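In what follows, a structure is listed as structure tokens, so that the remarks can point back to it.
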Amino acid sequence: MKAAVIRFPGSNCDQDCHFVLREFGFATNYLWHKEASAAGYDLIVLPGGFSYGDYLRCGAIARFSPVMKSIIEQAARGVLVLGICNGFQILCESGLLPGALIRNRSLHFLCEHVRIRVENTANPFLCASEVGRVLRVPIAHGEGNYTADAETLRTLNAGDRVLVRYCDEAGRVAPRANPNGSAENIAGICNAQRNVFGLMPHPERACDSALLSTDGRAVFDSLLMTLGKSRAA
Amino acid sequence: MKAKVIVMPKQSILDPQGVAVREAMRHHGLPGVKSVRVGKVFEIELDGADDGKVDEICRDLLSNPVIEDYHIVPVEKLDIVGLNE
């Protein structure tokens, strides 16, 4: 299983992603954003950070990096693409995922552990988890307020494409459990083909008990399960 | 060509910055302020005129059509809106 972690100028969670992927047995490479090709990987990770200093809008300039053209092609061929935090913002800017991430309702940069509820497991990113399971994972963002028009939200819901929502300890998706003002407490969504997943929380920062939570392993266990199966097939 | 591009959050999108600025303005002695929206202005100078390309770049790069609208103000109108400084 081969994974690529894309590095943009300003990425800062690339090493965390690389570390966790290696721990899970992925042959993992860094890929500089100026590379013309992202071909040959089973999984492409767009890590968190502040690509291009968040100038213009978060992810707006990274979207035009040379490597993104190839990532869009790979995504169309079914390669798994995971965008975390700034990676999610880049996926939305590039049109691989619908909607946009705007300034947090509070205007504050939020750096804390939150809870998210697994809404769907019929996808490569959460298939090892269970619907309704509550994961404790960190967030660290100033622009994580998911916004989309009513029709997009309807399409996402109808297609079971909201994969995780912010919730309270009991798993209730309530307004007060919404840290950033996201529409319908949305924390992460996938594309219609279910091979591109973007989320604001950081599962890679919740894979070691030294980091206070190992719930993020659900994502990487699922990726292992998915890619292990496809390899065996 | 000289132009300014104004990018504003769509009316349908809640603008958290605008809300915060509105509250600050109320606290600064302007209780009647109803609404504030915060956008961006780009000053552009380029050789030649390629309105089609400028429009495309406004749509693809300078704004995100999901959340923002843009308006290109050409140089001949800059004086009217007092932007030609």
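Protein sequence lines, in the order shown, are assigned to chains A and B.
For the first sequence, my numbering assigns the number 1 to the initial residue and increments by one for each residue that follows.
For the second sequence, my numbering assigns the number 1001 to the initial residue and increments by one for each residue that follows.
Quick reminder that beta carbons are idealized off the backbone N, C-alpha and C, glycines included.
Computed from a prediction, not measured in an experiment: that's the story for all the values here.
Under DSSP, no beta-bridge partner is assigned to C92 (chain A). Runs of alpha helix (DSSP H) with 4 or more residues, each lying fully within the stretch 35 to 114 of chain A, are found at 66 to 76, 86 to 93, listed in chain order. Contact annotation: in the stretch 1011 to 1033 of chain B, residues whose CB is within less than 9 angstroms of a CB in chain A are S1012, I1013, L1014, D1015, P1016, Q1017, V1019, A1020. Residue-level contact by beta carbon fails for P179 (chain A) and chain B, as no gap is shorter than 9 angstroms. Selection A:Q193, A:I189, A:V219 evaluated against P203 (chain A) yields A:V219 as nearest (Cα-Cα). Here R117 (chain A) is buried: its Cβ has 16 or more other Cβ atoms, across all protein chains shown, within 10 Å. Going by beta carbons, V196 (chain A) and L31 (chain A) fall outside the 9 angstroms limit.
Separation of M225 (chain A) and I1057 (chain B) (C-alpha to C-alpha, rounded to the nearest whole angstrom) is 42 angstroms. Looking at the DSSP output, E1076 (chain B) sits in no beta bridge, so it has no partner there.
Judged by DSSP in its simplified three-state form, A158 (chain A) adopts helix. Any Cβ of chain B closer than 9 angstroms to the Cβ of G144 (chain A) would place that residue at the interface, and such an atom is absent. One thing to note: A148 (chain A) has its Cβ within 9 angstroms of the Cβ of A183 (chain A). By the beta-carbon neighbour count (other beta carbons within 10 angstroms, threshold 16), N157 (chain A) is exposed.
One Cα belongs to A170 (chain A), the other to L135 (chain A), and the distance between them is close to 11 angstroms. Around the beta carbon of F109 (chain A), fewer than 16 other beta carbons sit within 10 angstroms, so the residue counts as exposed. Rounded to whole angstroms, the gap between the alpha carbons of G228 (chain A) and R22 (chain A) is 15 angstroms. Residue pairing by DSSP places A4 (chain A) opposite A:N29, A:I44 in a beta bridge. Assignment of alpha helix (DSSP H) within the stretch 185 to 212 of chain A, counting only whole runs of 4 or more residues, yields no such run.
When the five nearest sequence neighbours on each side are left out, the beta carbons in the same chain lying within less than 6 angstroms of the beta carbon of N29 (chain A) are those of A4, in order along the chain.
Scanning chain A for C-beta atoms nearer than 8 angstroms to the C-beta of I1067 (chain B) yields A100, I102, T147, reported in chain order. For the set B:V1033, B:L1014, B:E1076, the Cα lying nearest the Cα of E1068 (chain B) is the one of B:L1014. Beta bridge pairing from DSSP links N145 (chain A) with A:I102. Taking all protein chains shown into account, R161 (chain A) has 16 or more neighbouring C-beta atoms within 10 Å of its C-beta and is therefore buried.
Identification of residues in the stretch 26 to 52 of chain A having a C-beta nearer than 8 angstroms to some C-beta of chain B yields an empty set. For a cut-off of 8 angstroms, the C-beta gap from G59 (chain A) to Q89 (chain A) is around 4 angstroms, short enough to register as a contact. For F19 (chain A), the enclosing alpha helix (DSSP H) has its first and last residue at 14 to 23. Straight through space, the alpha carbons of L163 (chain A) and L126 (chain A) are spaced by roughly 8 angstroms. Distances from the CA of C85 (chain A) to each of A:P9, A:P138, A:I61 were compared; the closest alpha carbon is that of A:P138.
Among the CB atoms of chain B, one or more fall inside 9 angstroms of the CB of L56 (chain A). Close CB contacts of R217 (chain A) within its chain, under the 6 angstroms cut and outside five residues either way in sequence, are with C207 (chain order).
Interface annotation for the stretch 58 to 75 of chain A against chain B: A60, I61, R63, F64, criterion Cβ-Cβ distance under 9 angstroms.
The alpha-carbon of Q74 (chain A) is positioned some 32 angstroms away from that of C111 (chain A). In the three-state scheme derived from DSSP, where H, G and I count as helix and E and B as strand, A177 (chain A) is classed as helix. Annotation for E1023 (chain B): the continuous alpha helix (DSSP H) segment containing it runs 1016 to 1027.
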